[in-house]
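Residue numbering for the sequence shown is 715 to 1161, as defined by my numbering. Written out below as structure tokens is the structure these notes cover.
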Amino acid sequence: MNAFKNTFRELLRYPSAIFGLVIIVFLLGVAVYALVSIPYSEAIRLWRGGEDVWYQNPKYAAPSWMNLFTKKKEPVSFKVGTFDGEMTKTITPASEEISSVEMIYAFDYNYDTFPQEMTLYFTTDYQTKLPFAAILWITPDGREIKITNTAVEKKTTYRVSQDLKLQKALRTEHVMEALFADPNSETPRPLKGQYQLVITGTTFESGSNMDAEFVFHGVLYGLAGTDKYRRDLFLPLLYGTPIALAFGLVAALSTAFLTMIIAAIGTWYGGWVDELIQRITEINLVLPFLAILIMVGTFYSRSIWLMLGITILLSIFGGAIKGYRAIFLQSKESSYIEAARAYGASNSRIIFTYLIPRMIPLLIPTLVSSVPGFVFLEASLAVLGLGDPVLPTWGKVINDAFADGALYQGRYYWVLEPAVLLMITGFGFAMLGFALDRIFNPRLRDI
715 MNAFKNTFRE LLRYPSAIFG LVIIVFLLGV AVYALVSIPY SEAIRLWRGG
765 EDVWYQNPKY AAPSWMNLFT KKKEPVSFKV GTFDGEMTKT ITPASEEISS
815 VEMIYAFDYN YDTFPQEMTL YFTTDYQTKL PFAAILWITP DGREIKITNT
865 AVEKKTTYRV SQDLKLQKAL RTEHVMEALF ADPNSETPRP LKGQYQLVIT
915 GTTFESGSNM DAEFVFHGVL YGLAGTDKYR RDLFLPLLYG TPIALAFGLV
965 AALSTAFLTM IIAAIGTWYG GWVDELIQRI TEINLVLPFL AILIMVGTFY
1015 SRSIWLMLGI TILLSIFGGA IKGYRAIFLQ SKESSYIEAA RAYGASNSRI
1065 IFTYLIPRMI PLLIPTLVSS VPGFVFLEAS LAVLGLGDPV LPTWGKVIND
1115 AFADGALYQG RYYWVLEPAV LLMITGFGFA MLGFALDRIF NPRLRDI
């Protein structure tokens, strides 16, 4: 415990170590928050969901914060409804059976471009007589535009720009431009101010009811934007953090400790045991590591847990075994090992109590520095199309972006967001690893 405290105090002397620790603690906090707020099964359901899950989101929407860096402000998506009380709802009985349901929502529009779409989702409760809805659009300059009059079933979706009758009434196929355009402008530009959506519903049965949800599909959405399936990219960015850290930490810890144990066993027993370990290591060093993973992902399975197991298996017999072996050969001839032999210590006791603990100072910096390599490996497999098909990961986001031609279409956010997270992860572990290397290897302090 005292040694740990001294090491931590020494670590705090290096600004790079503090910076690295802050990044790692932040990533761990995000990982814990993701696992607590979104269960594993729910994350998979959301990521694999279609229009029924993500219908409230626009397609190909950039993050909302993009407006902070552009002079031309673009509309931000939102949703409101009578269920959450943000859209006012007033019920006025006209008789025992007939009632009027008025739903109103007013919002300010101060953007320089037009939205993608406006959609209404009606939910009604009736027995035999369908309710009726009249939709009115009121512009900031007082113009009233009749959208539609329609019967409403129990679940009805109405997309404003796809209404052919409305297109004929407005004499244009560009319905969003017609509804938001400034009539006094020679070139199409939005009229800024407060717009009102007024829905007047009529029910024809006692106990019948009507509710509505108004979804405004702008050009921007959320903290991370959306993809072609309307999926919120914040989900894979958030949930990709525990997946990346779990893959990197488990692979790094397993590889480091198993490599050291195998090297210690081979060095101590020598003979055919050491020869076998060295030959396996030399064969493994010439095997194409990435090519084997690609082959397994292509012909067998792309499960992230299978890839993790194969990664650990192929990494155990790496070049580090020869480095550890050289150090263990020196330690094997030390006086304290001879003393342990003299009082009758068993082979396992000598290996795990006297040999391996001497290597811990060398192990820790290497272990920390190797984590980013495994994180990048998992992302690289996903970018190549060999990532786990059901998990939302950073590499999967990049793969989807490339497959959809995001860079050619100017959707740089789609690639940059996961790429930045990968770079931050690598930078944090690298800074901490370099500082630990200086602490445990004093010769580096003078360099």
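Cβ atoms here follow ideal geometry from the backbone N, Cα and C, with glycine treated the same way.
Trp779 - containing beta strand (DSSP E), residue span: Membership of Trp779 in any beta strand (DSSP E) is not indicated, and neither H nor E is assigned to it by DSSP.
Leu725, DSSP secondary structure in three states: Leu725 falls in the helix class under three-state DSSP.
At least three beta-carbon pairs within less than 8 angstroms, the segment 1095-1112 to the segment 1006-1019: Remark: three or more beta-carbon pairs, one from each stretch, lie closer than 8 angstroms, so the segment 1095-1112 and the segment 1006-1019 are flagged as touching.
Rounded C-alpha distance that separates Phe894 from Thr853: Each residue's Cα considered, the two are about 8 angstroms apart.
Residue from Pro789, Thr802 and Tyr1122 whose Cα sits closest to the Cα of Leu911: Measuring from the Cα of Leu911, the nearest candidate turns out to be Thr802.
Stretch-stretch touch, CB-based, cutoff 8 angstroms, three pairs: the segment 855-869 with the segment 932-948: No, the segment 855-869 does not touch the segment 932-948.
Buried versus exposed, by CB contacts within 10 Å (16 or more), Phe1042: That one is buried.
Which of helix, strand or coil DSSP assigns to Ala1053: Correct three-state label for Ala1053: helix.
Three-pair Cβ contact test at 8 angstroms for the segment 1033-1049 versus the segment 1058-1074: Output reads yes: the segment 1058-1074 touches the segment 1033-1049.
Status (buried if at least 16 other CB within 10 Å, exposed otherwise) for Glu989: Exposed is the call here.
As assigned by DSSP and simplified to three states, the class of Arg857: DSSP places Arg857 in coil when its eight states are reduced to three.
Closest residue to Leu1081 among Ala892, Phe1066 and Val964 (Cα-Cα distance): Comparing Cα positions, the closest option is Val964.
Residues bridged to Thr914 [DSSP beta-bridge criterion]: Glu816 and Ala848.
Segment contact, 8 angstroms Cβ cut-off, at least three pairs: the segment 758-772 with the segment 958-974: Put simply, the segment 758-772 does not touch the segment 958-974. Fewer than three CB pairs are less than 8 angstroms apart.
C-alpha gap between Ile1035 and Pro1086, whole angstroms: Cα to Cα, the separation comes out at about 20 angstroms.
Proximity below 9 angstroms, CB of Ile1153 to CB of Val1129: Result no, Cβ atoms of Ile1153 and Val1129 do not sit closer than 9 angstroms.
Delimiting residues of the alpha helix (DSSP H) encompassing Arg903: In this chain, Arg903 is not harboured by any alpha helix (DSSP H), its DSSP state being neither H nor E.
Buried or exposed by the 16-neighbour rule on C-beta atoms within 10 Å, applied to Asn771: Asn771 sits buried, since 16 or more C-beta atoms from the chains shown fall within 10 Å of its C-beta.
Proximity of Gly915 and Pro807 at Cβ, strictly below 9 angstroms: No, the pair does not count as a contact, with Cβ atoms beyond the cut-off.
9 angstroms Cβ cutoff met for Tyr1038 and Thr981: In contact: Tyr1038 and Thr981 (Cβ atoms closer than 9 angstroms).
Same chain, Cβ closer than 7 angstroms to Leu792, five either side skipped, listed in chain order: Sequence inspection shows Phe at residue 792; the Leu mentioned does not correspond to that position. Taken in chain order, the residues that qualify are Phe930.
Beta-carbon proximity of Asp896 to Lys868, cut-off 9 angstroms: Taking 9 angstroms as the cut-off, the Cβ atoms of Asp896 and Lys868 do not count as close.
Residue span of the alpha helix (DSSP H) that contains Val767, given as start and end: Looking at the DSSP string, the run of the alpha helix (DSSP H) that includes Val767 is Glu765 to Trp768.
Pairwise C-alpha distance: Leu947 and Leu742: C-alpha separation (whole angstroms): 20 angstroms.
Distance CB(Thr833)-CB(Glu816) smaller than 9 angstroms: No, the pair does not count as a contact, with Cβ atoms beyond the cut-off.
Residue nearest to Leu884 in terms of C-alpha spacing, selected from Thr862, Ala926, Ala1054 and Asp766: With distances taken between Cα atoms, Leu884 lies closest to Thr862.
Inter-residue Cα distance where the pair is Ala1040 and Leu725: Whole-angstrom Cα-Cα distance: 28 angstroms.
Among Tyr1068, Gly1058, Asn1061 and Ser1060, nearest to Tyr1050 - alpha-carbon criterion: Relative to Tyr1050, the option among Tyr1068, Gly1058, Asn1061 and Ser1060 whose CA is nearest is Tyr1068.
Ordered list of alpha helix (DSSP H) runs contained in the segment 960-1006, each at least 4 residues: Listed in chain order, the complete alpha helix (DSSP H) runs (minimum 4 residues) inside the segment 960-1006 are 985-1000.
Strand pairing of Thr838, partner residues [DSSP]: Paired residue(s): Met924.
Glu1092 beta carbon less than 9 angstroms from that of Gly1011: Result no, Cβ atoms of Gly1011 and Glu1092 do not sit closer than 9 angstroms.
Alpha-carbon to alpha-carbon, Gly954 and Tyr774: Approximately 20 angstroms, taken between the alpha carbons.
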